[in-house]
Amino acid sequence: MKHCIKNKGIIGAGRKTKGHSSNGITVLTISVKYSSCCDYNIHLFLKSLTHSLIFTLKIILASKSPRRQQLLSDLGIRFSLLLTEVDETYPADLHIGKVPEYLSAKKADAIRNLIKTDELLIAADTVVLFEDQIFGKPENTEEAKKMLTILSGNIHEVITGVTLLTKDKAVTFSELTSVHFRKLSDSVINHYVETFHPFDKAGGYAIQEWIGLVGIEKISGCYYNVMGLPVCRLVKELESFGINLLHNQDQ
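Number 788 in the numbering used here belongs to position 34 of the sequence shown; there are no gaps in the numbering.
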């Protein structure tokens, strides 16, 4: 990408322009030689103009989860969706705590070839763990009730794996949150499952819904991780790709 600034009617001011790219960001560098106060003011103007010519990567989210979409929107991130069906199986000998990272990377890899040079892909996977057993999304009412009955009165773990992918770079990480359910009665479990139908949620519940208000006594770790995206860690990792959230909101 080339940017051109023409010198019109400026006496005693010479400038050079050049562009370079780093981590997906195209930066215009302007060098100015000034010989008067007026020229120095022009220098300051051109310096501020340089900042406005920084282009960040476009964000692509590979998830149909309404919670992840809402969390990105709440961050002020503008994004597009790119969805595909992925077989969410994993090697039998894979450490159980690494499953979310493996699956998030698998989702990203499935659409790697569709990512353009100016785009960054976000893929994620969330699992609920209890006593070395993975609780995925319940297939029906009875399975959802069974999951909540097992989790009732116990502490379980929620792990979300996230993969960030560009044409030149890939980063995969995960966050763990411990969640403590109080003892839930059958009537509470039945009401929640039959009213909220949590069949698209790992472990058969959503922390931000009614069951979280009445049933969760304590958590240790990131609340939003339980919703499906560890946003604080995500922001930190996006910064390593040169993504500035304030700038992204202005695009």
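All residues carry an ideal CB built from backbone N, CA and C; glycine is no exception. In this text the structure is predicted, and so the values were computed from the model without any measurement.
- Here phenylalanine 953 carries a coil assignment [DSSP, helix/strand/coil].
- Distance from the CA of leucine 992 to the CA of leucine 902, rounded to the nearest whole angstrom, comes to 34 angstroms.
- In this structure, Ile970 is the residue among Ile970, Val912, Thr920 and Phe833 with its C-alpha nearest to the C-alpha of lysine 937.
- In terms of Cα proximity to serine 817, the closest of Thr810, Leu825 and Lys990 is Leu825.
- Contact between serine 906 and phenylalanine 950 is absent: CB atoms are separated by about 16 angstroms, not below the 8 angstroms threshold.
- Contact between the stretch 882-889 and the stretch 855-865 is absent, with fewer than three C-beta pairs closer than 8 angstroms.
- Spatial neighbours of tryptophan 964 in its own chain (CB-CB distance under 7 angstroms, excluding positions within 5 residues in sequence) are listed in chain order as Tyr946 and Phe950.
- In the three-state reduction of the DSSP assignment, alanine 878 falls in the strand class, which pools E and B.
- Distance from the CA of leucine 999 to the CA of isoleucine 813, rounded to the nearest whole angstrom, comes to 11 angstroms.
- Membership of threonine 903 in the alpha helix (DSSP H) is indicated by the continuous run 895-905.
- The three-state reading of DSSP puts alanine 816 in coil, since its state is none of H, G, I, E or B.
- When rounded, the separation of the alpha-carbon atoms in alanine 956 and lysine 870 is 31 angstroms.
- From the listed residues Ser928, Val942, Ile831 and Leu988, the smallest Cα separation to lysine 900 is found for Val942.
- Taking the C-beta atoms as reference points, valine 912 is found no nearer than 7 angstroms to threonine 926.
- Ala864 is the residue among Leu918, Ala864 and Thr810 whose C-alpha sits nearest the C-alpha of aspartate 841.
- Under a 10 Å Cβ-count criterion, glutamate 929 is classified as buried, with 16 or more other Cβ atoms of the shown protein chains found around its own Cβ.
- Exposure of cysteine 986 is indicated by the presence of fewer than 16 other C-beta atoms within 10 angstroms of its C-beta.
- In the DSSP annotation of this structure, the continuous segment of the alpha helix (DSSP H) that includes alanine 859 starts and ends at 853-864.
- A Cβ-Cβ separation of about 6 angstroms places aspartate 872 in contact with leucine 811 under the 8 angstroms criterion.
- Serine 939 carries a coil assignment under DSSP once its states are collapsed to helix, strand and coil.
- For the pair threonine 920 and leucine 874, the CB atoms are nearer than the 7 angstroms cut-off.
- By the neighbour-count definition (other C-beta atoms within 10 Å, threshold 16), threonine 914 is a buried residue.
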